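Oh and the sequence shown: position 216 is 216 in the UniProt record's numbering, straight run, nothing missing.
Yeah, the Cβ is synthetic: ideal placement off N, Cα and C, and Gly gets one too.
Note that the structure is predicted; figures quoted are calculated from it, not measured.
Below you'll find the structure, written out as structure tokens, and then a few comments.
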Amino acid sequence: SQHLSRLSELRDPSIQLFKAKSEIDRLAQALQEAENKLSEQTKLARDREKEVITLTALYTESDKLCEKERQRSRDLRNELLAMKQFMRDAESMRAEAMKLRTEMDDMQSVKKLISGSEEAAQELLARYSSKSETSRCGPQDLRCSLESLCRWTAVLRNELTSTREKARNYRIELSRLRKLHAAAAQRAARSEVLASQRCEQIQALEEQLSVALNGPRFPSTDRMDEEKHTEPELLKPVSPDLFSTPEQRFRSKNIHHMALSAELTTPDLLSSSPVNCPSTSELQVGSYFPLLT
Numbered sequence: 001s002q003h004l005s006r007l008s009e010l011r012d013p014s015i016q017l018f019k020a021k022s023e024i025d026r027l028a029q030a031l032q033e034a035e036n037k038l039s040e041q042t043k044l045a046r047d048r049e050k051e052v053i054t055l056t057a058l059y060t061e062s063d064k065l066c067e068k069e070r071q072r073s074r075d076l077r078n079e080l081l082a083m084k085q086f087m088r089d090a091e092s093m094r095a096e097a098m099k100l101r102t103e104m105d106d107m108q109s110v111k112k113l114i115s116g117s118e119e120a121a122q123e124l125l126a127r128y129s130s131k132s133e134t135s136r137c138g139p140q141d142l143r144c145s146l147e148s149l150c151r152w153t154a155v156l157r158n159e160l161t162s163t164r165e166k167a168r169n170y171r172i173e174l175s176r177l178r179k180l181h182a183a184a185a186q187r188a189a190r191s192e193v194l195a196s197q198r199c200e201q202i203q204a205l206e207e208q209l210s211v212a213l214n215g216p217r218f219p220s221t222d223r224m225d226e227e228k229h230t231e232p233e234l235l236k237p238v239s240p241d242l243f244s245t246p247e248q249r250f251r252s253k254n255i256h257h258m259a260l261s262a263e264l265t266t267p268d269l270l271s272s273s274p275v276n277c278p279s280t281s282e283l284q285v286g287s288y289f290p291l292l293t
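Put into structure tokens, the structure is as follows:
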């Protein structure tokens, strides 16, 4: 019994030592696994931080782009309002030009009257006077009637001269308004094209953001490099040629311009040369569109 008790005492420390070594190995393995998990979690946290930084940069750039587009939309809205006011002024001037043309047509008979000689004027006066009055009139009366006719002829000549001067000014203003209308139409078309391009760019950026938000949480390095390469291309500003040269603007054919020229350009209006003098309508147009003048 004593021998067995001694053997048991000798075995117990060896067993305890084996158990202690086994526990130490198990704890070392658990510690190694914990360190591996910690490194993986640290790597995942870094990837997540990079993803958050990328999304923040994308949101910032998209916000800046949207602000620029909103400012561009406000500028285009103000320009459209100015164009509407300009078109209303052009319509009023066109109506005034048509009224002036009607008055000039009415003055054609007066022009025929004053272009004749005194004999033709006497015959015209005798046609509207009775024969009895003509037989009773003396030389003094005929002289007075001729003097009054000459006075009226001078008055009508002055009136016709002023009317021709007004017609020249109106034709000059109308030609300028046609050119400005064509240039404004081209600028409006270019602005619409630019707005559509900007909308497509914003839509593509929104699609990229939605793909980035709905995709995997931890993108690979290849995808990060691809996004870095594609971001400058998407954010590259578009610079269309908004302002062309005046020669290119004036060479553009407009249907409205052709209709107005066919309607208002007549041989009797083209007979007189235009006078190069500024008018109030040109000053108004210059105040509305300083870039076009």
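- The C-alpha of Y170 lies about 7 Å from the C-alpha of A97.
- When secondary structure is reduced to three states using DSSP, M93 falls in the helix class.
- Just so you know, the alpha carbons of R198 and E61 end up roughly 14 Å apart.
- By the neighbour-count definition (other C-beta atoms within 10 Å, threshold 16), A20 is an exposed residue.
- Runs of the alpha helix (DSSP H) spanning 4 or more residues and lying entirely within the segment 15 to 70 do not occur at all.
- Check the Cα spacing between R77 and each of L27, S191, L58: the tightest is with S191.
- With contacts defined as CB atoms closer than 8 Å, L55 and L205 fail to qualify as a contacting pair.
- Between the alpha carbons of A82 and R88 lies a gap of roughly 10 Å.
- The beta carbon of E69 sits closer than 7 Å to the beta carbons of R198, I202 from its chain, once the five residues preceding and following it are set aside; these are given in chain order.
- For the 8 Å CB-CB criterion, K166 and L100 form a contact.
- Contact annotation, A57 with H181: C-beta distance approximately 45 Å; criterion of less than 8 Å not satisfied.
- CA-CA distance, A188 to A95, rounds to 25 Å.
- Here the alpha carbon of R26 sits roughly 21 Å from the alpha carbon of E40.
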